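In our numbering, the protein residues as written are 92 to 718. All C-beta atoms in this analysis are idealised placements derived from N, C-alpha and C, irrespective of residue type, glycine included. Here the structure is a predicted model, which means the values were calculated and not measured. As structure tokens, the structure follows; a few thoughts come after it.
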Amino acid sequence: MANFETVEVSTDLLIVGGGFSACGAATEASYWAKKNGLKVVMVDKAALDRSGAVAMGLSAINQYVGVKDGENTVEDYIRYVRQDLMGVSREDLVYNIARHVDSTVHLFEKWGLKIWKDEEGKYVHEGRWQIMINGESYKIIIAEAAKNALAEAGGELYERVFIVDPLMDGNRCVGAVGFSTRENKFYVFKAKAVVVGMGGAVHVFRPRSVGEGFGRSWYPPFNSGSSAYFTIRAGAEMTCQEVRFIPVRFKDAYGPVGAWFLLFKSRAISAEGGDYMVERVDELQNWAPYGLAKPIPANLRNYLGMLDVDAGLGPLYMETDEAIQKIAHEFKDDPKAFKRKMKELESEAWEDFLDMTISQAILWASLNVKPEEKHSEIAACEPYFIGSHSGASGAWVSGPEDMDTPYKWGYANMTTADGLFAVGDGSGASSHKFSSGSHTEGRIAGKAAIKYILEKGQEPTVDMARVEALKKEILTPMDLMVENKGKMTDPEINTAYIMPRQFLHRLQKIMDEYAGGVTAAFKTSKALLERGLELMSLLKEDAGKQAARDLHELTRAWENTQRMWIAESHIRSMLFREETRWPGYYFRADTPKMDDENWLCFVNCRWDPGTGEWEMMKKDIWNIPGV
Ligand SMILES: Cc1cc2nc3c(=O)[nH]c(=O)nc-3n(C[C@H](O)[C@H](O)[C@H](O)COP(=O)(O)OP(=O)(O)OC[C@H]3O[C@@H](n4cnc5c(N)ncnc54)[C@H](O)[C@@H]3O)c2cc1C
């Protein structure tokens, strides 16, 4: 076996991940841990300052309810999420986050985040729930607060450690194992409770950007389904694994469109100039009641554009020039003021990208795009798993303790595995948390996990034979390479192993062609999904044959395996749900209609670690009375 030193770390609470939700968990848990003499350890695969989906920064906070200013109520937010997810949301979880999210945003401001204000000192809104920020350093600010809180409570932060598997004692989670991405070290974390905040998943499907553009995506390339893998492998129940997210973004560099739609009031059009939201409005009747209420769900907006593309009316464009001209129009009688306004709008347009998707600004520059003069192409991206945004996949977690919810079995955000909590993209059916809501959910879970430790925490019993077996399995890719590389002339082509990149292409091809990816125009069917599962089972056989020359490839190999597991749960959940509920995200061509009578429910699944079998379940949807 490859020679890796084993490092053991013992703690009370272990937080795996270092993004928005994990930082929320670390900040809050540290406060309660310090009061109670407990230890918190946080582990991130990357460097906390620039890890996760907010690494490049953001230009808006997407969840601010504005309760103190009487802008909205928490109930308004519940209705919004219910509408956007076509009726499928855990309203108890959405409620719990929405009632606390404003306080999180106020903390962000206190920690130094610049939130735009108008002349009256009120936050500048991009849309109803979104507020504008100077967010290039958003992640650094939130990470600093988490680091400070950890340090004050005597906690520890491990960076550049890739978490692979959970450690279980029966149904209780007692830690995690992983490896350093920089040194030959294998880590064993032993804990009384674990919070999972390792984000969602990208590159499960073949991306639009292949060849020289490979790796580019809307979702950050560093999140590979580690949260889902961790909770599935712990035997925890999962929910909404069929609910992927497909954003429509500026084509090829995935630049954000929120500011264009919401702030600039821009239109999206077909190549022939038709506004698909207007011309295809009748289609929305088929998706009533959600198609007929406002705001129109994101998947249905996607769908109307996709119908244009199917009809040969592509490419689609964002009317940037028209939007800018329209806003500047009110200054038309004053040439100087008009010029000034145009300059201001132009710089806002570029700044929106520079704040969060720098590559889009570079692409625009390289293509000589002047947004004030010419419209720009948009397209539906490949599918992603991001339960905190407009997707919904993640673990099935317990509801708030002070609420009479049917989904409660203990502590807030605890999964069905004891002592294992999930947050952010890791917890399902509570979409539209975004950065602020994910941090809030982390805070809720961090506090609940400390309460769990105080009331039920036990010294973790870790089976060291299992740890050794995991170490051997996790390091296998390095061993396979050493043992076999000399057998062939090309180190990348070998009958004894498969390189991580080749494995990734195979996974992406299956998902793309059978599970409704870009080249399948986001359509699938029972027969396609069943064939996809068949191919997936063969792929699974080869997962343990991935080989790695170095730590970099070892990371890639395990990212792939984690992606493969979320992919399988996705296919199984789409297969189980015999209807089409989210056209625009995926379309089951053999069951093309929404079927409320049979399928207005959650689809849950669980992999049994004892038998290796999957169980698929329907769970009732509970609406908060009166909302
Ligand atoms: C392109 C894009 C644009 C967005 N725009 C907005 C916006 O404008 N406004 C807004 O409010 N929200 C926005 N969001 C949503 C917001 O970024 C997410 O909701 C939020 O980051 C989710 O938090 P998280 O903790 O679940 O995941 P992340 O913040 O992504 O954090 C995941 C963490 O897990 C770590 N990790 C991953 N795998 C492992 C592993 N195996 N071991 C250890 N650590 C691991 C990562 O390094 C990272 O630290 C956007 C998201 C994306 C992708």
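| Check | Outcome |
| --- | --- |
| Option nearest Gly365 by Cα separation, candidates Tyr408, Phe352, Thr330, Val339 | Tyr408 |
| Length of the line joining the Cα atoms of Ser498 and Ser489 | According to the sequence shown, residue 498 is Tyr rather than Ser. One C-alpha to the other measures close to 6 Å. |
| Met602 CB to nearest heavy atom of ligand 1 below 7 Å | no |
| Leu624 - containing alpha helix (DSSP H), residue span | 617-634 |
| Heavy atom of ligand 1 within 7 Å of Val107 beta-carbon | yes |
| Minimum length 3: unbroken beta strand (DSSP E) runs contained in the segment 192-266 | 222-225, 247-249, 252-260 |
| Closer than 7 Å: Asp103 CB and nearest ligand 1 heavy atom | no |
| Distance, Leu595 Cα to Ala540 Cα | 35 Å |
| Residue from Ala508, Pro406, Trp351, Glu559 with nearest C-alpha to Lys417 | Trp351 |
| Continuous beta strand (DSSP E) stretch holding Arg721: start and end | Because the chain here runs from 92 to 718, residue 721 falls outside it and cannot be looked at. |
| Whether Phe313 touches Val134 by CB criterion (8 Å) | no |
| Alpha carbon of Phe296 to alpha carbon of Ala648, nearest angstrom | 16 Å |
| Per-residue burial, Met555 [other beta carbons within 10 Å of its own, 16 or more giving buried] | exposed |
| Range covered by the alpha helix (DSSP H) that runs through Glu439 | 426-447 |
| For Val286 and Ile469, believed in contact at Cβ under 8 Å, the rounded distance | Actually they do not touch by this definition, with Cβ atoms about 37 Å apart. |
| Touch test, the segment 327-337 against the segment 658-672, Cβ-Cβ under 8 Å, three pairs minimum | yes |
| Distance cut-off 7 Å: Trp309 Cβ against heavy atoms of ligand 1 | yes |
| Anticipated Cβ contact below 8 Å, Gly115 with Glu532, distance rounded | 7 Å |
| Residue of Glu463, Arg170, Ser479 minimising C-alpha distance to Pro380 | Arg170 |
| Exposure label - Arg719; buried when at least 16 CB within 10 Å | Examination of residue 719 is not possible in this model, given that the chain is present from 92 through 718 alone. |
| beta-carbon Asp343 near ligand 1 non-hydrogen atom, thresh 7 Å | no |
| Heavy atom of ligand 3 within 7 Å of Leu204 beta-carbon | Ligand 3 is absent from the structure shown, which contains only ligand 1. |
| Beta-carbon separation (whole angstroms), Phe613 vs Ile337, contact threshold 8 Å | 7 Å |
| DSSP bridge partner residues for Lys710 (one or two, in chain order) | Phe693 |
| 8 Å Cβ cutoff met for Ser529 and Ser112 | yes |
| Spatially closest choice to Leu620 from Lys631, Met602, Pro462, by CA coordinates | Met602 |
| For Lys562, the nearest candidate out of Arg592, Asn153, Tyr278, Asp343 (CA to CA) | Tyr278 |
| Opening and closing residue of the alpha helix (DSSP H) in which Glu370 lies | 367-370 |
| Rounded Cβ spacing between Thr411 and Pro462 (contact assumed at less than 8 Å) | 4 Å |
| Trp713 vs Glu96 beta-carbon contact at 8 Å | no |
| Endpoints, beta strand (DSSP E) assigned at Lys276 | 276-281 |
| Under 8 Å between C-beta atoms of Ser660 and Ile323 | yes |
| Residues near Tyr214 in its chain [Cβ-Cβ closer than 6 Å; skip 5 each side] | Ile206, Ile222 |
| Heavy atom of ligand 1 within 7 Å of Leu149 beta-carbon | yes |
| Limits of the alpha helix (DSSP H) - the one that Glu604 falls within | 591-605 |
| Contact test: Ser180 Cβ vs ligand 1 heavy atom, cutoff 7 Å | no |
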